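In what follows, a single structure is set out as structure tokens and then discussed.
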Amino acid sequence: MKSFILAAGLLACSLAGLAQAADVADDAQLRTAIAGKHRSGTNVARDSWRHPYETLTFFGIKPTMTVVELLPEGGWYTEILAPYLRQDGKLISAGLISKTLLESNPAVYDKVVRGAFSPPKAIYNFAPANSVDMVLTFRNVHNFVELGDDKVKDMFKALYTSLKPGGMLGVTDHRLPEAMPQDASATSGYVHESYVIRMAESAGFRLVGKSEINANPQDKADHQGGVWALPPTLTNGAVERDKYLAIGESDRMTLKFVKP
Numbered sequence: 012m013k014s015f016i017l018a019a020g021l022l023a024c025s026l027a028g029l030a031q032a033a034d035v036a037d038d039a040q041l042r043t044a045i046a047g048k049h050r051s052g053t054n055v056a057r058d059s060w061r062h063p064y065e066t067l068t069f070f071g072i073k074p075t076m077t078v079v080e081l082l083p084e085g086g087w088y089t090e091i092l093a094p095y096l097r098q099d100g101k102l103i104s105a106g107l108i109s110k111t112l113l114e115s116n117p118a119v120y121d122k123v124v125r126g127a128f129s130p131p132k133a134i135y136n137f138a139p140a141n142s143v144d145m146v147l148t149f150r151n152v153h154n155f156v157e158l159g160d161d162k163v164k165d166m167f168k169a170l171y172t173s174l175k176p177g178g179m180l181g182v183t184d185h186r187l188p189e190a191m192p193q194d195a196s197a198t199s200g201y202v203h204e205s206y207v208i209r210m211a212e213s214a215g216f217r218l219v220g221k222s223e224i225n226a227n228p229q230d231k232a233d234h235q236g237g238v239w240a241l242p243p244t245l246t247n248g249a250v251e252r253d254k255y256l257a258i259g260e261s262d263r264m265t266l267k268f269v270k271p
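In this text, residue positions in the sequence shown follow this note's numbering: the first is 12, and each later residue adds one.
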């Protein structure tokens, strides 16, 4: 009996090892995209804070997916997602994104699809219903808080509608400690993790994972000028600059939701 249990245990370990190896092989394309020469040096320098490989694999991204990136603006993650999804998947850029970036390297960005996304105006023409495998939003939810709960819920409902059943929503944002009060406009740039979860769940999403990949316990979220006092913005200039550099980038929640 003991021999059988031992053999079964060894088999399970072997299968787990094979599955892990398969996961690594599956994500070789992601590592290649992250290491791409097309990425700006400024963005690459922030990899140690934003952890793109760990974050995207936690969300469960695959190169065959149709993925929506909300409000990419400067395109920090677009630099990675565009080449990763270019051959076998699709990247939909929803809302503001740098036109200069998209025109800078057609061999990387030529297949990026543009879509309308404007929460204040309730314009969500970025993807048909039930057509998307994954929606990603990086450090955006705090910008919507000032619109009020109803509009934030509507925004999450639009994301929910765009996703296929079983589709995933990945969220990162600057995390406000739950013991600190949340102002109605999130003017500090920080937001309660519980608020993000509540808004997403109100739209029908189910929370399936949390990660501390992007956590920074040195960040107490109490800076003059809010989150922008920290790198890379350093909005306070020379004032306590060394202190903010020592803290590093913000403490961030990393949440994974599913559309049941």
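Think of the CB as a built atom: it goes at the ideal place given N, C-alpha and C, for glycine as much as any other residue. Here the structure is a predicted model, which is why all the values come from computation and not from measurement.
Asked                                                                                                                                                                                   : Found
Quick one: what does DSSP say LYS254 is sitting in, helix, strand or coil?                                                                                                              : helix
Can you list, in chain order, the residues of its chain whose CB lies under 6 Å from that of THR148, leaving out five sequence neighbours each side?                                    : LEU81 and VAL182
Identify whether PRO139 lies in helix, strand or coil by the three-state DSSP scheme.                                                                                                   : coil
With DSSP run on the structure shown, which of helix, strand or coil describes ILE208?                                                                                                  : helix
Quick check for students: name the residue ranges of the alpha helix (DSSP H) that lie wholly in the stretch 38-81, counting only runs of 4 or more.                                    : 39-45, 52-55, 58-61 and 63-70
Below 6 Å CB to CB, which residues in the same chain sit around GLY20 once its five sequence neighbours on both sides are set aside?                                                    : At GLY20, the pLDDT of 44 sits below 50, so the modelled position is not reliable; the number obtained from the coordinates is stated separately. For GLY20, where only same-chain residues beyond five positions count, there are no Cβ hits under 6 Å.
Per the contact definition of three or more C-beta pairs closer than 8 Å, is the stretch 241-260 in contact with the stretch 98-112?                                                    : no
Three Cβ pairs or more, each shorter than 8 Å: is that satisfied between the stretch 86-99 and the stretch 160-179?                                                                     : no
Looking at the unbroken alpha helix (DSSP H) that takes in LYS110, where does it start and where does it end?                                                                           : 110-115
Let me make sure I understand the geometry here. Which of SER115, VAL78 and TYR95 has the alpha-carbon closest to that of LEU174?                                                       : VAL78
Round the Cβ separation of VAL269 and ARG209 to the nearest angstrom and send it over; I've been treating them as touching at under 8 Å.                                                : Not confirmed; about 16 Å, so no contact.
Which residues in the same chain as ALA44 place their Cβ atom closer than 6 Å to its Cβ, once the five residues preceding and following it in sequence are excluded?                    : ILE91, PRO94 and TYR95
What whole-angstrom Cβ distance do VAL143 and PHE155 have, given they're in contact under 8 Å?                                                                                          : About 19 Å separates the two Cβ atoms, so there is no contact after all.
Could you check whether the stretch 109-129 touches the stretch 57-69, counting it as contact only if at least three pairs of C-beta atoms, one from each stretch, sit closer than 8 Å? : no
Starting from PRO94 and walking both ways along the alpha helix (DSSP H), at which residues does that stretch end?                                                                      : 89-97
Threshold first: 4 residues or longer. Then list the alpha helix (DSSP H) segments lying entirely within the stretch 111-197, N to C.                                                   : 117-120, 152-155 and 160-173
Using DSSP bridges, identify the partner residues of ALA105.                                                                                                                            : LEU81 and GLY126
Give the straight-line distance between the Cα atoms of GLY237 and GLY200, rounded to the nearest whole angstrom.                                                                       : 6 Å
Between HIS49 and the rest of its own chain, which residues show a CB-CB distance below 6 Å, the 5 nearest in sequence each way excluded?                                               : ASN116 and VAL119
With which residues is VAL219 paired in a DSSP beta bridge?                                                                                                                             : Note: VAL219 sits in no beta bridge, so no partner.
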